[in-house]
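Letter by letter, the sequence shown follows residues 3 to 417 of our numbering. Cβ atoms here follow ideal geometry from the backbone N, Cα and C, with glycine treated the same way. Quick caveat, the model's predicted, so the values are computed rather than measured. Everything below concerns the one structure shown next.
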Amino acid sequence: MYDVIIIGAGAAGMMAAGTAAQNGKKVLVIEKMEKAGRKIRITGKGRCNLTNARPPEEFAEQVRTNADFFATAFAEFNNRATIRFFERRGLKLDFERGDRVFPHSGKAWDVANTLEEWCRDNGVEFWFHTRVTGLMTLGGKIFGVRYMNRRGFERKEEAARVIVATGGVSYPATGSTGDGYTFASEAGHDIEPLRPSLTPLVSPHPQLRELHKLLLRNIRATLFIDGEAVREEFGEIGFSERGIEGAVALRMSRDAVDALIDGRRVKLSLDLKPALTIEILQERIRREIAEMPEEEFFAELLRKLLPKPLVMPVCKELVIQSKTYVKKIGDKEIDRLIALLKGFVLPISDYAPFEYAVVTAGGVRCDEVNRYTMESLKVKGLYFAGEVLDLDANTGGYNLQIAFSTGRLAGQLKQ
3 MYDVIIIGAG
13 AAGMMAAGTA
23 AQNGKKVLVI
33 EKMEKAGRKI
43 RITGKGRCNL
53 TNARPPEEFA
63 EQVRTNADFF
73 ATAFAEFNNR
83 ATIRFFERRG
93 LKLDFERGDR
103 VFPHSGKAWD
113 VANTLEEWCR
123 DNGVEFWFHT
133 RVTGLMTLGG
143 KIFGVRYMNR
153 RGFERKEEAA
163 RVIVATGGVS
173 YPATGSTGDG
183 YTFASEAGHD
193 IEPLRPSLTP
203 LVSPHPQLRE
213 LHKLLLRNIR
223 ATLFIDGEAV
233 REEFGEIGFS
243 ERGIEGAVAL
253 RMSRDAVDAL
263 IDGRRVKLSL
273 DLKPALTIEI
283 LQERIRREIA
293 EMPEEEFFAE
303 LLRKLLPKPL
313 VMPVCKELVI
323 QSKTYVKKIG
333 DKEIDRLIAL
343 LKGFVLPISD
353 YAPFEYAVVT
363 AGGVRCDEVN
373 RYTMESLKVK
383 GLYFAGEVLD
393 LDANTGGYNL
403 QIAFSTGRLA
413 GQLKQ
């Protein structure tokens, strides 16, 4: 009989497993996929931004939901502890722009392999291709799990403690299909409504298709909800078949998704020239026009101001033919151009589904979990860790840190 069964071999599950095993517990990890850390292996475009090195008070500002609840786990095992953990196990790390931390190798699987090797070195047993189908409880206590083995037979395994670390429903191909919410609900827990977070935003703007694969750097973006500016970000915006993405759009998506679900009007305004004032832009555009031959086209003026993929969309937005001679561009047209450069508006009508979301917002209600132990307040011996909880943060390594911190605390099996 095992001391603890952990459902899910992701970041939170492996951190919990290794911690419990290091403390002398007999640990079993049950994972329905064929290997551990499937989601870790694809994060950060295959590079894995495993944490963020910002000071604790700045780190806390990036946690979007239930930050006070998370503060206890973070105090026990913070970002500095995570960095030391991996470095002491031989994983060299690089610190990049925005204090993001990556493996020096640039390979996300090195992070997953380091965690798995640590678990195995401490005696953790893994069962892969095995799907937990339910929790076994009696009299308000956990006593094991039911599972389906790889041959399709349902079996039972007993343990006095079970940690649910099944992840959310984002990137379901990695095995995150929401099983943990079902287990929690059946155990009497309430689930905060699930929605994608850090997900591309969808716009019906007629010119958006022409911006496919364009990446804009050093852009200031403002999110408007019902006409009111609610959030401003600076950085990268990208465009793909999934929608508007890049770090700026993903960070704003949390507020945008909530507003869209509530039926509110959402739009994104991009300042394409945030370093330049209106006066400086006027001076520059007039100078560019003065230096251009009179037979030069308006499109050539735009090419001096914008990336090529934006030229035709801007022409269409301004309703100015690309082959209009620059000599015909007067003060009225210049003012309209500047207004567009300082506020290219993209109405937001939808958001990309969970398949493209980095994390899941919503989950097991944190007020039904003991913040000092991660144990359920409803079922003795039942613990939760990672994305299955109603915890999410901005992009930049913060969400993996949530998994490591809550997994570490859950693995201590405090009661």
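Please state the DSSP three-state secondary structure of S205.
Coil at S205, not helix or strand.
Per the DSSP calculation, L384 is bridged to which residue(s)?
The partner list for L384 (beta bridge, DSSP) reads V164.
When burial is assigned at 16 or more other CB atoms within 10 Å of the CB, is R2 buried or exposed?
The displayed coordinates of the chain run from 3 to 417. Any statement about residue 2 would go beyond what the structure contains.
Where does R219 sit, in a helix, a strand or coil, going by DSSP?
Strand.
Other residues of its chain near E297: CB distance less than 7 Å, five sequence neighbours each side excluded:
Counting only residues of its own chain and dropping the five nearest sequence neighbours on each side, E297 has a CB closer than 7 Å to the CB of Y327.
Minimum C-alpha distance to G265 - residue among D257, S271, L272
Nearest C-alpha to G265: D257.
Between the alpha carbons of R148 and G136, how many angstroms are there, rounded?
Computed Cα separation, rounded: 5 Å.
Need the endpoints of the beta strand (DSSP E) that T135 sits in, please.
It spans 133 to 140 - the beta strand (DSSP E) in which T135 sits, taken as one unbroken run.
Please specify which runs of the beta strand (DSSP E), each continuous and at least 3 residues long, are wholly inside the segment 44 to 76, giving them in chain order.
Qualifying beta strand (DSSP E) stretches: none in this window.
What does the Cβ neighbour count give for F185, buried or exposed, with the cut at 16 atoms within 10 Å?
Classification of F185: buried, given that the 10 Å Cβ count is 16 or more.
Tell me which same chain residues have a C-beta within less than 6 Å of the C-beta of Y183, skipping the five on either side of it?
For Y183, same chain residues with a beta-carbon under 6 Å away, outside a window of 5 residues either side, are I193 in chain order.
When the Cα atoms are used, what is the spatial distance from K269 to D96?
Spanning the two alpha carbons is a distance of roughly 36 Å.
Please classify H191: is it buried, with 16 or more other beta-carbons within 10 angstroms of its beta-carbon, or exposed?
Label assigned to H191: buried.
When I331, K329, R338, G332 are compared against L320, the one with the closest alpha-carbon
The shortest C-alpha separation from L320 is found at R338.
Give the C-beta separation of V390 and A38 to the nearest angstrom, bearing in mind that I take them to be a contact with Cβ-Cβ under 8 Å.
The pair is not a contact, with the Cβ atoms about 17 Å apart (cut-off 8 Å).
Give the straight-line distance between the Cα atoms of D181 and A359, rounded to the nearest whole angstrom.
Annotation: D181 to A359 spans about 17 Å, alpha carbon to alpha carbon.
Name the DSSP bridge partner or partners of L225?
Its beta-bridge partners are R233, L270.
Segments assigned alpha helix (DSSP H), at least 4 residues, entirely inside the segment 76 to 159:
Counting only runs of 4+ residues, the alpha helix (DSSP H) found wholly inside the segment 76 to 159 occupies 81 to 90, 110 to 123, in chain order.
Just verifying my parser: in three-state terms, what is the DSSP assignment at A11?
A11 falls in the coil class under three-state DSSP.
First through last residue of the alpha helix (DSSP H) which encompasses L312
Start and end: 310 to 320.
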